[in-house]
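Keeping their order, the protein sequence lines are chains X and L. Each residue of the first sequence is one higher than the last, beginning at 5 in this note's numbering. Each residue of the second sequence is one higher than the last, beginning at 69 in this note's numbering. For each residue, glycine too, the CB sits at the ideal point set by N, CA and C.
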Amino acid sequence: MNPVEIKKLISAEFPDAIVENESLQEYQIELKPESWLEIAKYLRTEPKLSFDQLECITGVDLGEDQVLQSRYNFHSLKLRHKLEIIISLDRKKPKLASIEQIWRLGDWFEREIYDMYGIVFEGHRDLRRILLPEDWEGWPLRKNYETPETYHGIVVPKIKAESEWE
Amino acid sequence: MVLNIGPQHPSTHGVLRLKVRTDGEVVSEITPYLGYLHRCFEKHCENITYEQVIPYTDRCDYIASMNNNFGFVVAMEELMEIKVPERVEYIRVIMAELNRIASHLLALGTFGLDVGAFTPFLYMFRDRERILDMFEMVCGARLLYNYMWVGGLSHDIPSNFEQICSGFLDYFEPKILEYNELLRDNKIFVERTADVGVMPADVAVSYGVSGPNLRGSGVNWDVRRDESYSIYDRFEFEIPLGQGQVGSLGDCWDRYWVRISEISESIKIIRQALKGLPAGDIGQALPKKIRPPQGSIYRRTESPRGDLGYYIISDGKPKPFRLKMRSPAFASLSVLDEISRGWMISDVIAILGSLDIVLGEIDR
Chain X
5 MNPVEIKKLI
15 SAEFPDAIVE
25 NESLQEYQIE
35 LKPESWLEIA
45 KYLRTEPKLS
55 FDQLECITGV
65 DLGEDQVLQS
75 RYNFHSLKLR
85 HKLEIIISLD
95 RKKPKLASIE
105 QIWRLGDWFE
115 REIYDMYGIV
125 FEGHRDLRRI
135 LLPEDWEGWP
145 LRKNYETPET
155 YHGIVVPKIK
165 AESEWE
Chain L
69 MVLNIGPQHP
79 STHGVLRLKV
89 RTDGEVVSEI
99 TPYLGYLHRC
109 FEKHCENITY
119 EQVIPYTDRC
129 DYIASMNNNF
139 GFVVAMEELM
149 EIKVPERVEY
159 IRVIMAELNR
169 IASHLLALGT
179 FGLDVGAFTP
189 FLYMFRDRER
199 ILDMFEMVCG
209 ARLLYNYMWV
219 GGLSHDIPSN
229 FEQICSGFLD
239 YFEPKILEYN
249 ELLRDNKIFV
259 ERTADVGVMP
269 ADVAVSYGVS
279 GPNLRGSGVN
289 WDVRRDESYS
299 IYDRFEFEIP
309 LGQGQVGSLG
319 DCWDRYWVRI
329 SEISESIKII
339 RQALKGLPAG
349 DIGQALPKKI
359 RPPQGSIYRR
369 TESPRGDLGY
379 YIISDGKPKP
389 FRLKMRSPAF
399 ASLSVLDEIS
409 RGWMISDVIA
419 ILGSLDIVLG
429 EIDR
């Protein structure tokens with residue numbers, strides 16, 4: 005199926021879920037977070053879509069007063085088409101349904117996004133930090149993150165300021 | 069019983085800690101603890117220019133740096149719509165495939181080492197050394213190349229490279245038989261790997277396992293052919309698949325078999341590329357300043373470990389707004405728990421060896 009048909013199919017099934025966004029590319033769809041779990045199940049089981057392969061989940065922070073995003077890249081090995089889902093979340097209380105039990109790849113990738121952005125994936129069975137130490141504070145990949153001076157007495161090296169590169 | 073394997077353990081191929089819960093000697097659960105090599109790759113990328121990202125990609129998967137460079141520049145060129153000169157494309161393919169051979173040699177050598185076969189490890193490192201020598205000749209570095217740039221290459225190949233490379237291939241091709249005699253026909257190796265750690269195809273797909281591990285489970289998927297990038301569509305090569313020849317489909321032996329067969333296919337590709345290598349200038353398409361237009365791209369390429377994806381978001385500035393690397397070994401490691409349950413502790417070592425993980429890429 006081509007991206008337009010996929011979009012039509014999803015908007016017919018879930019009329020309220022799609023967020024209109026002109027700046028997106030053809031294969032991208034922005035969704036509201038509320039019905040994400042149902043849509044995810046639909047993407048996996050609907051024979052016309054059968055997205056069996058979740059390639060990647062990317063967390064994005066759009067800026068200090070902006071939303072956090074979770075972006076999913078899907079691919080179907082059977083039908084050889086692709087789709088990207090974008091879901092924007094409130095920065096203060098980022099919460100989203102976990103799709104870890106539908107695509108097992110979600111397990112570690114969601115943990116990584118939780119680790120870096122603090123997005124809480126509800127329904128995830130083992131949501132812990134994955135790359136950083138368990139007692140690390142803050143969400144490092146957020147744009148307004150401030151690196152702590154020390155960690156257990158070890159000095160944390162600072163990333164060079166912009167002016168030093170120019 | 070709870071047993072800790074690692075973080076410092078030769079068979080974890082890096083700094084990885086596995087918390088293994090066992091019932092007697094049978095594994096009932098494995099919890100991997102990662103992050104010992106975490107270097108904030110993605111955070112750093114937001115503070116450096118696109119050119120400066122390339123050396124960082126080298127250091128992610130340090131066994132196959134050329135392929136990591138390749139993935140990044142392919143994604144960037146697609147985002148910036150750059151058309152690269154023919155000669156550059158050919159050289160890139162040659163380098164990427166040479167690096168694939170080197171990477172598979174290391175993977176198989178250490179896999180043999182994990183299950184107790186020491187000799188093949190030495191043989192494979194002997195030949196891998198020759199490939200590294202060629203890389204040194206081309207770009208001056210043996211492991212971390214920074215060779216492929218957006219729109220071009222850092223150096224052209226030396227004039228005698230083609231001759232040396234085809235000389236190497238002539239030397240190397242018969243050696244594959246030697247490796248097979250040492251491992252494939254080795255009764256101990258077969259006993260340790262056949263029927264062990266079976267990964268069914270649906271489990272592999274669901275966990276996002278890719279590359280040789282996925283093909284070992286019989287799934288016919290290769291990004292080089294199915295989502296072709298660069299000039300891979302011009303070459304003829306087979307996609308080796310696991311067939312369960314010795315044990316059942318998707319066992320450790322099949323993963324060995326796919327890798328060793330892929331080496332032969334890479335040789336085929338390099339021979340074709342050497343034959344078709346056009347003359348010309350390599351620097352025509354190098355942009356003066358790398359400033360991609362606003363937008364985002366997700367592009368995956370086939371690294372020796374599987375689907376290596378880069379998600380790049382550009383806001384029109386010389387630095388990436390967001391750069392995510394989808395690391396294939398990260399997904400491969402996540403399946404370890406599922407396929408190791410019910411096997412002995414010593415089998416876990418074999419399974420881990422067969423998955424061919426690189427911790428530099430998992431932890432980033």
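Whole-number beta carbon distance between residue j and residue i, since they are thought to touch under 8 Å
i	j	result
CYS233 of chain L	HIS223 of chain L	So it is not a contact: roughly 15 Å between Cβ atoms.
ARG260 of chain L	VAL314 of chain L	In fact, because the Cβ distance is near 11 Å, the residues do not count as touching under 8 Å.
SER408 of chain L	ARG323 of chain L	The Cβ separation is near 14 Å, so there is no contact.
TYR247 of chain L	ILE328 of chain L	6 Å
LEU420 of chain L	LEU404 of chain L	6 Å
GLU304 of chain L	ARG368 of chain L	Wrong, their Cβ atoms sit about 22 Å apart, outside the cutoff.
TYR118 of chain L	PRO386 of chain L	7 Å
LYS12 of chain X	ILE33 of chain X	About 11 Å separates the two Cβ atoms, so there is no contact after all.
For residue i, three-class secondary structure by DSSP
i	result
PHE236 of chain L	helix
PHE389 of chain L	coil
TYR297 of chain L	coil
MET163 of chain L	helix
ILE90 of chain X	strand
VAL124 of chain X	strand
GLY82 of chain L	strand
VAL273 of chain L	helix
THR187 of chain L	helix
TYR124 of chain L	helix
LEU71 of chain L	strand
ASP431 of chain L	helix
THR151 of chain X	coil
GLN29 of chain X	coil
LYS162 of chain X	coil
CB contact flag (residue i, residue j, <7 Å)
i	j	result
SER285 of chain L	GLY318 of chain L	yes
ILE365 of chain L	ALA209 of chain L	no
ILE150 of chain L	GLY219 of chain L	yes
ALA164 of chain L	MET134 of chain L	yes
GLU429 of chain L	SER395 of chain L	yes
ILE162 of chain L	ALA341 of chain L	yes
ILE122 of chain L	SER171 of chain L	no
ASP195 of chain L	LYS243 of chain L	yes
TRP107 of chain X	TYR121 of chain X	no
LEU72 of chain X	ASP56 of chain X	no
GLY374 of chain L	SER278 of chain L	yes
VAL326 of chain L	ARG283 of chain L	yes
ARG155 of chain L	ILE350 of chain L	yes
VAL264 of chain L	ALA397 of chain L	no
ILE413 of chain L	GLU93 of chain L	yes
ASP119 of chain X	LEU136 of chain X	yes
LEU199 of chain X	PRO37 of chain X	With chain X running from 5 to 170 in the structure shown, residue 199 of chain X is simply not present.
SER334 of chain L	ILE169 of chain L	yes
VAL83 of chain L	PRO75 of chain L	yes
Residue i Cβ short of 6 Å to the ligand ZN heavy atom set
i	result
ILE122 of chain L	Ligands are entirely absent from the displayed structure, and the ligand ZN is therefore not among its contents.
Candidates the options: closest to residue i by CA position
i	options	result
GLY103 of chain L	X:TRP140, X:ASP56 and X:SER39	X:TRP140
GLY384 of chain L	L:PHE229, L:ARG359, L:PRO355 and L:ASP201	L:ARG359
PHE113 of chain X	L:LEU427, L:ALA418, L:ALA399 and L:ASP424	L:ALA399
VAL8 of chain X	X:LEU53, X:GLY122 and X:LEU58	X:LEU53
ALA185 of chain L	L:ARG89, L:ARG252 and L:ILE337	L:ARG252
ASN1 of chain X	X:LEU35, X:GLU17, X:HIS79 and X:ILE103	One cannot answer for residue 1 of chain X here, as it falls past the ends of chain X, which runs 5 to 170.
LEU427 of chain L	L:GLY177, L:ASN281, L:GLY180 and L:THR80	L:THR80
VAL64 of chain X	X:GLU116, X:GLU42, X:SER39 and X:TYR46	X:GLU116
SER371 of chain L	L:PRO153, L:GLU93 and L:ASN137	L:ASN137
PRO188 of chain L	L:ILE199, L:GLU197, L:ILE159 and L:LEU173	L:LEU173
GLU42 of chain X	X:ILE10, X:GLU34 and X:ALA21	X:ALA21
ARG84 of chain X	X:VAL23, X:LEU13, X:GLY157 and X:LEU58	X:LEU58
GLU153 of chain X	X:ASP94, X:PRO161 and X:GLU38	X:PRO161
LEU212 of chain L	L:TYR275, L:ILE307, L:CYS113 and L:ASP129	L:ASP129
HIS112 of chain L	X:VAL159, X:GLY157, X:THR151 and X:ILE158	X:THR151
LYS147 of chain X	X:LEU35, X:ILE134 and X:LEU66	X:LEU66
PRO280 of chain L	L:VAL258, L:TRP321 and L:ARG302	L:TRP321
LEU145 of chain X	L:LYS87, L:ARG107 and L:THR90	L:ARG107
PHE389 of chain L	L:PRO361, L:ASP424, L:ASP415 and L:GLU406	L:PRO361
TRP289 of chain L	L:ILE299, L:SER298 and L:GLY310	L:GLY310
ILE331 of chain L	L:GLY276, L:VAL266, L:ILE256 and L:LEU166	L:LEU166
Under 9 Å by beta carbon: chain C residues contacting residue i
i	result
LEU93 of chain X	Judged by its chain identifiers, the structure shown contains no chain C, and its protein chains are X and L.
Practice prompt. Pair every Cβ in the region 84–100 of chain X with every Cβ in the region 26–36 of chain X, then say whether three or more of these pairs are closer than 8 Å.
Written response: yes
Worksheet item: Would you say the region 93–113 of chain X touches the region 369–381 of chain L, given that touching needs at least three Cβ pairs under 8 Å?
Response: no
Practice prompt. Report yes or no: do the region 257–271 of chain L and the region 332–350 of chain L share at least 3 C-beta pairs separated by less than 8 Å?
Written response: no
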